[in-house]
Amino acid sequence: MSDNSRVRVSIVGVVIVALFSTLLARLWFLQSGPENSLKVRAVVDSTRVLQTQTPRGEIKDRNGVVLVRDRVSWAITIDRDISTERRDKVIGQLAELLQLEVEQLLSQYESPRQSPLEPAIVALDVSQPNRLEILQDPQNYPGVHVAALTVREYPKGNLAAQVLGYVGEVPSEDVARLEKLSYEPGDDIGLAGAESAFESDLRGKPRRETIEVDPTGRQVGGPVKVEQGSVGHSVYLTIDSEVQRVAEDSLAQGIAGAKDLQNPDIETGYVKFAAPAGAVVVLDANDGSLVALASNPTYDPSVWVGGISKTNYALLTNPFGSFPLVDRATQGLYAPGSTFKLVTSLAMTNDQIRGIGDYYTDTGSVTIGGSTFSNAEKEQFGPVNLEQALTVSSDAYFYTVGNEYWQVWRGGDRARGLGIQREARALGFGAPTGIELDETEGRVPDPEWKSEFAHANYKTELQQEQNSIWYPGDNLTLAVGQGDLVVTPLQLANAYAAFANGGTLWQPHIENRVVDADRKVVSRMKAKAIRRLNLDPTVRAAILAGLQRSVGDSKGTAFAAFQGFPLTQFPIAGKTGTAQVSGKGDTSLFAAIFAADGKQYVVVAVVEQAGFGAQTAAPVVRRIIESMTDQIPGPVRVVAQGHD
Amino acid sequence: MAAETSPWRHADPVLLMLPLAISGLGLLMIYSSSRMRLERQGLSQLYYVERQGLAIAIGIVAMAVVLAIDYRRVRDMWPLVYLGVLPLLIGVLLVGERHRGAQSWFQVGPLQFQPSELTKVAVVVAIAGYCHQHRNDLDTGRLAIGIALAGFAMVLVFLQHDLGTTLVILVCAFAVLVVAGLRPVHIGVLVLIGVSLIGAAVVTGKVAAYRVDRITGFLDQSTSAVPASQQSHAQYSLQESKIAIVNGGLAGEGLFKGRQTNLSYVPEQHTDFIFTVVGEELGFLGGATLIGLYALLVWRLWRTALLSSDFFGTLLAVGVLAIFAFQIFENIGMTMGIMPITGIPLPFMSYGGSAIITSFIAIGLVANVNMRRFS
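Same order as they appear, the protein sequences are chains A and B. Residue numbers for the first sequence, in our numbering: 1235 to 1878. Residue numbers for the second sequence, in our numbering: 2 to 376.
The following block contains the structure:
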């Protein structure tokens, strides 16, 4: 071999050594090196987590009566990816088989609450023969499947519908946020009421299986890891289903009665009250637990099961249906009318505007700043002190209190001059109560609010300036619970509870206790005081006497509504309220304090467009109290002629 | 000189045993990579192993036959060898079967016969024989004829859309010619011609999209944020291949325990990506051992090139050496992301009958040169 060839072969050898060294170096770099991100990806790529929902917890009342539970329902689903013609044909065939209307099935198919990606649930609780029919002749039902679903069941029907709320599929806009809490699209989640408020308790821990899949997504072998799920906890509410039933029935009866009463405000012809809606709150005054929360109109919560149909959803959200989904007890905003005089009374004695023994001569009206403010029906009550003013509900008495406050405010003592507002806020008005359910916070008007409101709602500077002025009238109407003041029935009840128990404003709540599947108590709600007010005992006694006499005294505004009630055995302190609403009938309100089984309760009823407080709301409250004091409750008897 | 003794006494046992050892490991790796996939398709887990075993047996017999014939007779018959494969190459173009646009073969009973595999060795024999014949007057014109011999075969193979084998022929022909006496100026001209040909092909769109895809997939490996569904096939293969090797770590996940392997995440794992099984299940220790075995094999080939008693033997050994070294480097390099993806099998490891038999024949030829170095 020539030397030249030898050199050339050696060069080839050097190249080969270089290539093999490169391979070894690269292998070392990959297998010992830091590219661990690839390792993590390998695990993620080849594994999937299958999540199965576990049964949701039950919702019970304070005595363990089941209000909501899970049950299994045989459902029929239709695939989403079939053509419209085929879908119509299949729906027609199903309608015939199940003896349902085509429109109903179609409406269910188009439900806004069903995922467009999952098969549509069109019928629940399908009988076994019908299921067999579908399973035996699948060629007649292309795209149709039978599936066992776990659905919510409401053994008590409509009872406490707004309090219980409903569950639905995880809303698409929340999927990203909820995925961190291991929710998956299509999972059930509480969307309103207690179902939503106690979601984390009610929802069980889903069972999670980690499986390995090949590149086509098919499972390979058994699960690699199984995390056993757990059943959701049961939530016991403070609601007493019997009292709730009575409250709902009484409210419904009161509304029905009011619809048959003449609205005296309309003088042209005989027009009855519209009475479209109302609310009742029954509150334990000593710890803030809610015994009943009724809202009317109500609805059947089972319409949500399996995804509400398009038709039903339209009905529930139609403005002419008075929005039955809204819980008026916590979300309805009403002027409290004379029921607010409790607040004005506490404020004026605190601020030494007027004492409990000071007499004021009621001439039926007062003229302030050129405007005349009258009592209801222009009644004249003569000289009255605080107790009497509350009994007869003298507006003139409180108008002048409002005016005196205004004078103080005008005189420069802004803190004392806004005493009614301060007292209202101290009693929880104008702020959320902190209940677990959705609520509105209402409004306590003051000069600052009025100015802000004017600047936000008027365009020209002049209009803004003019509408920013805090007039005597603003303070006068506030003193009698009118004007720009709005409160929720729950806030009103809570304020009366604070007065009744001697000054503690409790945070109202519906949670009693949470219990796990082994009946072990997971948590127990403890009463929480928002604040404690200093109530002068003599003032409290005078107000209480006035409220008791408003029910028991023949001059009392609610006397007619409580005729025949054994007040000596079961004393009641109550206050009527009649709030004028521009363009509509008056709101009828009544707030009552009474004792039963050694406990103090507050009951508040509010009925929209139903006349005087004494006409509709007071009879509703009476029936509830009768029931709670173990009397045989008679029917709600609305009062034809009433007082404020 | 020990001219009277039988040439078998000078046979290189290391050179003859290494192919057997590597093919044995190859069988194990083919089994590991294909058993789950086959089972899921309802086929025998040994489907590929049996066929590969048969190919190895045929390969060993072919190697023995090649050893028995004095290589100098082959040397003198080089035109016959070259002309022998041409009809096969042309025939496969006319009546052959296709798969994935890359390979063409004749179906021979249960086995597939790919003429392009055999062509690699034939081209080496032809150029080596030609250069040996004109060993004392290899001027530019003669070298050009050598280049033409390789170029014609390359064109025929390229027409079968077998870019990988075309590249192998290019590399081994180049290596043989370099050792035969290619001068730097020749090399410069050849590189210039090559570059302009490739450039023209890409610009005029004569290169199939999947080839460009493989190159760009190789150049852009930062696919960790790209979901699998949006990656190109090449990017996906490379990604999963690298994951498998990284998974192996130093000691490997253990034989038959590779997760990427068992879940069939690496495409074509029993053929082109067989090294990922070694990497994942046997780790760095296994991978480095395999590379070491190849290095040993290549060293024995290189040593034969130096020991050969004639110019043809040297050139033949260099050519075979170039075939193996390039295929090993390209194949293993591709699974680790340092070479673009081409369909070049890993010698003695990848599933494929023609490649196995051809590899045994090639080793047989060099071992033949080696054992007859004194005669």
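Beta carbons are placed, not taken as given, at the ideal position from N, Cα and C, and that holds for glycine.
1. Select from the segment 250 to 277 of chain B all residues with a C-beta closer than 8 angstroms to any C-beta belonging to chain A, and list them in chain order.
2. Label A:Lys1575 either buried or exposed according to how many other C-beta atoms from any shown protein chain fall within 10 Å of its C-beta, with 16 as the threshold for buried.
3. Quick check: the segment 1540 to 1547 of chain A against the segment 1854 to 1871 of chain A, are at least 3 beta-carbon pairs closer than 8 angstroms?
4. Can you find a CB in chain B that lies within less than 8 angstroms of the CB of A:Val1283?
5. What runs of the beta strand (DSSP E), each 3 residues or longer, lie entirely inside the segment 1420 to 1463 of chain A?
6. For A:Phe1824, name the three-state secondary structure that DSSP assigns.
7. Can you tell me the Cα-Cα spacing of A:Ile1859 and A:Gln1849, whole angstroms?
8. Is there a C-beta anywhere in chain A that falls below 8 angstroms from the one on B:Val67?
9. Between B:Gln115, B:Asp163, B:Tyr72 and B:Phe175, which lies nearest to B:Val1 when the distance is taken from Cα to Cα?
10. DSSP on A:Gln1834, reduced to helix/strand/coil?
11. Would you mind stating whether B:Cys132 and B:Leu316 have Cβ atoms separated by less than 8 angstroms?
12. In three-state DSSP terms, what is A:Val1721?
13. Jot down the residue ranges of each uninterrupted beta strand (DSSP E) in the segment 1616 to 1682 of chain A, minimum 3 residues, whole runs only, in chain order.
14. Comparing C-alpha positions only, which one of B:Leu17, B:Ser233, B:His234 and B:Tyr266 sits nearest to B:Ile246?
15. Should A:Lys1809 go down as buried or exposed, given a rule of 16 or more other Cβ atoms within 10 Å for buried?
16. Taking only three categories from DSSP, how would you classify B:Thr224?
17. Can we say the segment 1820 to 1827 of chain A touches the segment 1577 to 1594 of chain A, given the rule of at least three CB pairs closer than 8 angstroms?
18. Excluding sequence positions up to five away, which residues of its chain have a Cβ less than 7 angstroms from the Cβ of B:Asn369?
19. Short check: CB of B:Gly288 to CB of B:Val278, under 8 angstroms?
20. If you measure from the beta carbon of A:Glu1403 to each beta carbon in chain B, is any gap under 8 angstroms?
21. Per DSSP, what kind of secondary structure is A:Trp1704 in: helix, strand or coil?
22. Starting from the beta carbon of A:Pro1449, find every residue of chain B whose beta carbon is closer than 7 angstroms, and list them in chain order.
23. For A:Gly1247, go through chain B and note every residue whose CB falls closer than 7 angstroms to its CB, in chain order.
24. Use the C-beta contact count for B:Leu347: other C-beta atoms within 10 angstroms, 16 or more gives buried, fewer gives exposed.
25. Given a cut-off of 8 angstroms, decide if A:Val1714 and A:Phe1632 are closer than it, judged by their beta-carbon atoms.
26. Please report the straight-line C-alpha distance between A:Lys1833 and A:Val1515, rounded to a whole angstrom.
27. Measuring only the C-alpha atoms, how far is A:Lys1323 from A:Pro1350?
28. Mind listing the chain A neighbours of B:Met337? Cutoff is C-beta to C-beta under 9 angstroms, in chain order.
29. Cβ of B:Thr224 less than 8 angstroms from any chain A Cβ?
30. Could you confirm whether any beta carbon from chain A is found closer than 8 angstroms to the beta carbon of B:Lys243?
31. Would you list the residues sitting across from A:Tyr1400 in a DSSP beta bridge?
32. Take the Cβ of A:Leu1624 as the centre, count every other Cβ of all protein chains shown within 10 Å, and call the residue buried at 16 or more, exposed below.
33. Going along the chain, which residues of its own chain have a beta-carbon closer than 7 angstroms to the beta-carbon of B:Phe313, five neighbours each way excluded?
34. Under three-state DSSP, which class holds A:Phe1793?
35. Using 8 angstroms as the limit for Cβ to Cβ distance, is B:Thr315 near chain A?
36. Could you spell out where the alpha helix (DSSP H) holding B:Thr166 opens and where it closes?
This is what the structure gives:
1. Listed in sequence order: Gly250, Leu251, Arg260, Gln261, Asn263, Leu264, Ser265 and Tyr266.
2. Indexing the first sequence from 1 puts residue 1575 of chain A at position 341. A:Lys1575 should be labelled buried.
3. no
4. For the purposes of this step, residue 1283 of chain A is identified with residue 49 of the first sequence, where counting begins at 1. Cβ-Cβ to chain B under 8 angstroms: no for A:Val1283.
5. 1422 to 1424, 1441 to 1447 and 1453 to 1461
6. Working through the first sequence from its first residue, we reach residue 1824 of chain A at position 590. The answer is strand: DSSP assigns A:Phe1824 an E or B state.
7. Working through the first sequence from its first residue, we reach residue 1859 of chain A at position 625. Working through the first sequence from its first residue, we reach residue 1849 of chain A at position 615. C-alpha separation (whole angstroms): 16 angstroms.
8. Here residue 67 of chain B corresponds to residue number 66 of the second sequence, with the count starting at 1. With 8 angstroms as the cut-off, B:Val67 does not count as an interface residue toward chain A.
9. Residue 1 of chain B is absent from the model: chain B starts at 2 and stops at 376.
10. Counted from its first residue, the first sequence places residue 1834 of chain A at position 600. Reduced to three states, the DSSP call for A:Gln1834 is strand.
11. Numbered from its first residue, the second sequence carries residue 132 of chain B at position 131. Numbered from its first residue, the second sequence carries residue 316 of chain B at position 315. For B:Cys132 and B:Leu316, yes; Cβs fall inside 8 angstroms.
12. Numbered from its first residue, the first sequence carries residue 1721 of chain A at position 487. Note: A:Val1721 maps to strand in three-state DSSP.
13. 1616 to 1618
14. Reading the second sequence from its first residue, position 245 is the one you call residue 246 of chain B. Ranked by Cα distance from B:Ile246, the options B:Leu17, B:Ser233, B:His234 and B:Tyr266 are led by B:Tyr266.
15. By 1-based counting over the first sequence, the position of residue 1809 of chain A is 575. Burial call: buried.
16. Indexing the second sequence from 1 puts residue 224 of chain B at position 223. Because B:Thr224 carries a pLDDT of 48, less than 50, the predicted location of this residue cannot be relied on, and the following value inherits that uncertainty. Note: B:Thr224 maps to coil in three-state DSSP.
17. Taking 8 angstroms as the limit for Cβ pairs, the verdict is that the segment 1577 to 1594 of chain A does not touch the segment 1820 to 1827 of chain A.
18. Here residue 369 of chain B is taken as the residue at index 368 of the second sequence, counted from 1. So the list reads Val67, Leu68 and Tyr72, once near-sequence residues are dropped.
19. As a working mapping, residue 288 of chain B is identified with position 287 in the second sequence. As a working mapping, residue 278 of chain B is identified with position 277 in the second sequence. No, they are not a contact pair.
20. Within the first sequence, numbered from 1, the residue matching residue 1403 of chain A stands at position 169. No - not a single Cβ of chain B is within 8 angstroms of the one on A:Glu1403.
21. Within the first sequence, the letter at position 470 stands for residue 1704 of chain A. A:Trp1704: coil per DSSP, three-state reduction.
22. Looking up residue 1449 of chain A in the first sequence gives position 215. Residues of chain B with a Cβ closer than 7 angstroms to the Cβ of A:Pro1449 are, in chain order, Ser265 and Tyr266.
23. Start at 1 with the first residue of the first sequence, and residue 1247 of chain A comes out as number 13. Residues of chain B passing the Cβ test: Trp303.
24. Within the second sequence, residue 347 of chain B is the residue found at index 346, counting from 1. Buried, by the Cβ-count rule.
25. The sequence position of residue 1632 of chain A within the first sequence is 398, counting from 1. The sequence position of residue 1714 of chain A within the first sequence is 480, counting from 1. Yes, these two residues count as a Cβ contact at 8 angstroms.
26. Start at 1 with the first residue of the first sequence, and residue 1833 of chain A comes out as number 599. Start at 1 with the first residue of the first sequence, and residue 1515 of chain A comes out as number 281. A straight line joining the alpha-carbon of A:Lys1833 with that of A:Val1515 spans about 16 angstroms.
27. For the purposes of this step, residue 1323 of chain A is identified with residue 89 of the first sequence, where counting begins at 1. For the purposes of this step, residue 1350 of chain A is identified with residue 116 of the first sequence, where counting begins at 1. Rounded to the nearest angstrom, the two C-alpha atoms are 20 angstroms apart.
28. Counting from one through the second sequence, the residue named residue 337 of chain B turns up at place 336. What B:Met337 touches in chain A: Leu1257, Arg1260, Leu1261, Phe1263 and Leu1264.
29. Stepping through the second sequence from its first residue, residue 224 of chain B is reached at position 223. Model confidence at B:Thr224 stands at a pLDDT of 48, short of 50, so the residue's coordinates are unreliable; what they give is reported in the following sentence. So, not an interface residue.
30. As a working mapping, residue 243 of chain B is identified with position 242 in the second sequence. For B:Lys243, the answer is yes, since a Cβ of chain A falls inside 8 angstroms of its Cβ.
31. What you label residue 1400 of chain A is simply residue 166 of the first sequence in a count that begins at 1. A:Tyr1400 pairs with nothing; no bridge assigned.
32. Here residue 1624 of chain A corresponds to residue number 390 of the first sequence, with the count starting at 1. A:Leu1624 is buried by the Cβ-count criterion.
33. In the second sequence, counting from the first residue as 1, residue 313 of chain B sits at position 312. Sequence-distant Cβ neighbours of B:Phe313 in its own chain, meaning closer than 7 angstroms and more than five residues away, are Arg76, Ala129, Gly130 and His133.
34. Residue mapping note: residue 1793 of chain A aligns to position 559 of the first sequence, counting from 1. Reduced to three states, the DSSP call for A:Phe1793 is coil.
35. In the second sequence, residue 315 of chain B corresponds to position 314, counting from 1. B:Thr315 has a beta carbon lying within less than 8 angstroms of a beta carbon in chain A.
36. Translated into the one-based positions of the second sequence, residue 166 of chain B becomes position 165. Counting along the chain, the alpha helix (DSSP H) containing B:Thr166 begins and ends at Leu164 to Ala181.
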